[in-house]
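Protein chains in written order, with our numbering: chain X, 1 to 207; chain A, 1 to 207.
Ideal Cβ positions, reconstructed from N, Cα and C, are used throughout, including at glycine.
Below is one structure, written out as structure tokens; comments come after it.
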DNA sequence: TGATTAGGATAGAGCTACTATCCAACTCGT
DNA sequence: ACGAGTTGGATAGTAGCTCTATCCTAATCA
């Protein structure tokens, strides 16, 4: 398969494919001659992954490059999953800060859900976020956190189960990133519906 | 208060304030003379709102302008809240499409939570999103949806309670937008922690 | 043989959110 | 009264990002 066919099959313009090649997102095709290269099904898969991460998840080129590099370096899947989380959760931007901090609320969640008591990027991010909400005067009750974490516990089980099935790392990235994104959007839309429902009650029927 | 003091008090550069004035985000100050204008506490409040919507919630200028226009046109709070939801949930981009569609899963949620059975942007967005997840082969069980919606029901109650207190529309926008955003981010981080926990179990201790 | 394609390089476009500069009119502190 | 400073208004430039287009030579397939 040559460039034009790769383009036609994925719906990505030839110019963009060249751009991705330049940026190192897409590995070079197998060079047959000085001006001819062969692309394989792997290139199609990779290109579709890139498209999904750009258009659905909204990652930028730099973030995608980082993920693909980790995958191509043969990192273990647990590390790859952690990397996906870092970019989807925007843990790469806020300068990290203090490292492993403990927060009572987070500890309580971990104990309640019987999750392993390990430090992780996700845990640090959660602690930092709870601090931030506190400083913004947005209350988060323990009960609410329980409800949230229960729901997330359920969904994570499905998500992780899905990531064991795929045979390629590209598939894992796709499943994890798209899954996290879609679930978070689902939550957001449910929250909006819930808010709208409560608002109708309060503003139209209430005092 | 003149421009420079407004700048110093809010930490926004004078050039940026001029830009916001040009773009119609910030109302012009009270013109004293051809080359002198007075800004008030309302300008400080408005500027802080703009900053929060930009830096925390991540809205763009166009979206912020839209919200502020609705508020300044004296729309009822229910409409204002709906507008905030539209931008925070990105309901303004996907070309809307079919209008009021019904989906069994959404209906079930509404009945279960005893929410009023009204069509709304949020409801349409939820229906569309569930369709999208289905088409992407991401399973969403009824049980999961129940857990999600229960958690969102709880949080919405708090959120809406918070929006009745503020006396200015600017405050309402701030509370609703920042609240929705922070809650969605909280969810996301909990999901990451849950995923990481499940992944550790599965990859390190599992078979 | 001639239209097409590859790779490589480079330049430009289109968007967003500022940021900077310049100007003439005016005001304030001293 | 004078000079430093500020204002609104206009205009232009910057920076980052993601492409998109053009130009070139070499090689290929029909």
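Checklist entry - Where DSSP assigns a beta bridge to residue 31 of chain X, which residues make up the other side? => result On the first chain, position 31 is the one that residue 31 of chain X refers to. Answer is X:37.
Item to check | CB of residue 190 of chain A within 8 Å of CB of residue 148 of chain X, strictly | outcome: Locating residue 190 of chain A in the second chain gives position 190, counting from the first residue. Locating residue 148 of chain X in the first chain gives position 148, counting from the first residue. Closer than 8 Å, so yes.
Checklist entry - residue 46 of chain A: which of A:36, A:67 and A:162 sits nearest, CA to CA? => result The residue labelled residue 46 of chain A in the question sits at position 46 within the second chain. It is A:67 whose Cα lies nearest to the Cα of residue 46 of chain A.
Checklist entry - Do the stretch 70-89 of chain X and the stretch 99-108 of chain X make contact, defined as three or more Cβ pairs closer than 8 Å? => result no
Next on the checklist: Going by DSSP, what residue range makes up the alpha helix (DSSP H) through residue 167 of chain A?
Outcome noted: Indexing the second chain from 1 puts residue 167 of chain A at position 167. Per DSSP, residue 167 of chain A belongs to no alpha helix (DSSP H) and is neither H nor E.
Item to check | Per-residue DSSP class, three states only, for residue 84 of chain A | outcome: Translated into positions along the second chain, residue 84 of chain A becomes position 84. The answer is helix: DSSP assigns residue 84 of chain A an H, G or I state.
Checklist entry - Since residue 184 of chain X contacts residue 187 of chain A with CB under 8 Å, what's their CB separation in whole angstroms? => result Position 184 of the first chain holds residue 184 of chain X. Position 187 of the second chain holds residue 187 of chain A. About 6 Å separates the two Cβ atoms, so the contact holds.
Checklist entry - Within the 8 Å Cβ cut-off, does residue 40 of chain A reach chain X? => result On the second chain, position 40 is the one that residue 40 of chain A refers to. For residue 40 of chain A, the answer is no, since every Cβ of chain X falls outside 8 Å of its Cβ.
Item to check | Alpha-carbon spacing of residue 34 of chain A relative to residue 19 of chain A, whole angstroms | outcome: Against the second chain, residue 34 of chain A aligns to sequence position 34. Against the second chain, residue 19 of chain A aligns to sequence position 19. Each residue's alpha carbon lies about 19 Å from the other.
Next on the checklist: Using only the alpha-carbon positions, how far apart do residue 152 of chain A and residue 195 of chain X sit?
Outcome noted: Indexing the second chain from 1 puts residue 152 of chain A at position 152. Indexing the first chain from 1 puts residue 195 of chain X at position 195. Roughly 8 Å between the two C-alpha positions.
Item to check | residue 11 of chain X: contacting residues in chain A (beta-carbon distance under 8 Å) | outcome: For this step, residue 11 of chain X is matched to residue 11 along the first chain. The contacting residues do not exist; residue 11 of chain X stays about 17 Å from chain A at best.
Next on the checklist: Spatial neighbours of residue 30 of chain X within its chain, please: C-beta separation below 7 Å, excluding the five flanking residues on both sides.
Outcome noted: Sequence index remark: in the first chain, residue 30 of chain X carries index 30 (1-based). So the list reads 37 and 38, once near-sequence residues are dropped.
Item to check | Distance, residue 80 of chain A Cα to residue 192 of chain X Cα | outcome: Within the first chain, the letter at position 192 stands for residue 192 of chain X. Within the second chain, the letter at position 80 stands for residue 80 of chain A. So the alpha carbons of these two residues sit roughly 13 Å apart.
Checklist entry - Should residue 50 of chain A and residue 32 of chain A be called a contact, given that it needs their Cβ atoms to be closer than 8 Å? => result Here residue 50 of chain A refers to the residue found at position 50 of the second chain. Here residue 32 of chain A refers to the residue found at position 32 of the second chain. No, they are not a contact pair.
Item to check | Host alpha helix (DSSP H) of residue 66 of chain X (start-end) | outcome: The sequence position of residue 66 of chain X within the first chain is 66, counting from 1. Per DSSP, residue 66 of chain X belongs to the alpha helix (DSSP H) from 61-72.
Checklist entry - Quick one, which of X:11, X:84, X:1 and X:41 has its alpha-carbon nearest residue 174 of chain X's? => result Position 174 of the first chain, counting from 1, holds the residue named residue 174 of chain X. Ranking X:11, X:84, X:1 and X:41 by Cα distance to residue 174 of chain X puts X:84 first.
Item to check | Test: residue 157 of chain X CB closer than 8 Å to a CB of chain A | outcome: On the first chain, position 157 is the one that residue 157 of chain X refers to. Taking a beta-carbon distance threshold of 8 Å, residue 157 of chain X counts as an interface residue toward chain A.
Next on the checklist: Measuring straight from C-alpha to C-alpha, what distance separates residue 91 of chain A and residue 108 of chain X?
Outcome noted: What you label residue 91 of chain A is simply residue 91 of the second chain in a count that begins at 1. What you label residue 108 of chain X is simply residue 108 of the first chain in a count that begins at 1. Counting only the Cα atoms, residue 108 of chain X lies some 35 Å from residue 91 of chain A.
Item to check | Spatially closest choice to residue 158 of chain X from A:164, A:24 and A:199, by CA coordinates | outcome: The residue you call residue 158 of chain X lines up with position 158 of the first chain. Comparing Cα-Cα distances from residue 158 of chain X to each of A:164, A:24 and A:199, the minimum goes to A:199.
Item to check | Boundaries (first-last residue) of the alpha helix (DSSP H) holding residue 76 of chain X | outcome: Start at 1 with the first residue of the first chain, and residue 76 of chain X comes out as number 76. Membership of residue 76 of chain X in any alpha helix (DSSP H) is not indicated, and neither H nor E is assigned to it by DSSP.
Checklist entry - Under 7 Å Cβ-Cβ, which residues of chain X neighbour residue 179 of chain A? => result Locating residue 179 of chain A in the second chain gives position 179, where the first residue counts as 1. Here the neighbours are 138.
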